[in-house]
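Every letter in the sequence shown is one number past the one before it in full-length UniProt numbering, and letter 79, counting from 1, is 79.
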Amino acid sequence: MIILFLCYLVCTVSGLTLVKFGANNNAFALNSSFFNLSLSYTTLLGLFLYIISFLMWIVIVQKYNLSYIAPMATGLSQVLIIAASIFILGEKIGTFQWLGIALVLGGVVLMNVKTV
1 MIILFLCYLV
11 CTVSGLTLVK
21 FGANNNAFAL
31 NSSFFNLSLS
41 YTTLLGLFLY
51 IISFLMWIVI
61 VQKYNLSYIA
71 PMATGLSQVL
81 IIAASIFILG
91 EKIGTFQWLG
101 IALVLGGVVL
111 MNVKTV
């Protein structure tokens, strides 16, 4: 089940990163009177990975307590998304974001401490 959780994290982070990365290179557009949507192949690949991650999430939620797995997944995915934003997208983060990352990781550690 840990492998499934890790695959979920990889698909979630990769999907969101690819959607953002592909947002600047639009290959085709869907236009109507209500909205205009331009998508690139990179964005579509990101969307596909994000859908796969959602399907994995359904399986994970069925196996674990929601009160445990939801904060774990949310915290770890946020930290990994920030890491991908820094290293892949070249985004800069400030001092308070670094502090937030430390707090999130501290919360994840505390959730995994076994009580006696």
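We put the beta carbon where it would ideally sit given N, CA and C, even for glycine.
Taking lysine 20 as reference, the option from Cys7, Val109, Leu39 and Ile2 with the minimal CA-CA separation is Leu39. The beta carbon of asparagine 25 is closer than 7 angstroms to those of Ser40 and Thr42 in its chain, skipping five residues each way along the sequence. Straight-line spacing of the CA atoms in asparagine 36 and glycine 46 works out to 19 angstroms.
Nearest to alanine 23 by C-alpha distance, out of Leu44, Leu6 and Cys11, is Leu44. Residue burial is scored here from C-beta neighbours: serine 53 has at least 16 other C-beta atoms within 10 angstroms and is therefore classed as buried. Judged by beta-carbon spacing, valine 108 lies within the 8 angstroms limit of methionine 72, meaning their Cβ atoms are closer than that value. A distance below 8 angstroms between beta-carbons, with the five flanking residues on each side excluded, links glutamine 97 to the following residues of its chain, in chain order: Ile82. Inclusion of leucine 66 and cysteine 11 in the CB contact set at 8 angstroms is not warranted, their separation being larger than that value. Residue state for serine 40 is assigned as coil, using DSSP reduced to three classes.
The continuous alpha helix (DSSP H) containing methionine 111 extends over residues 95-111.
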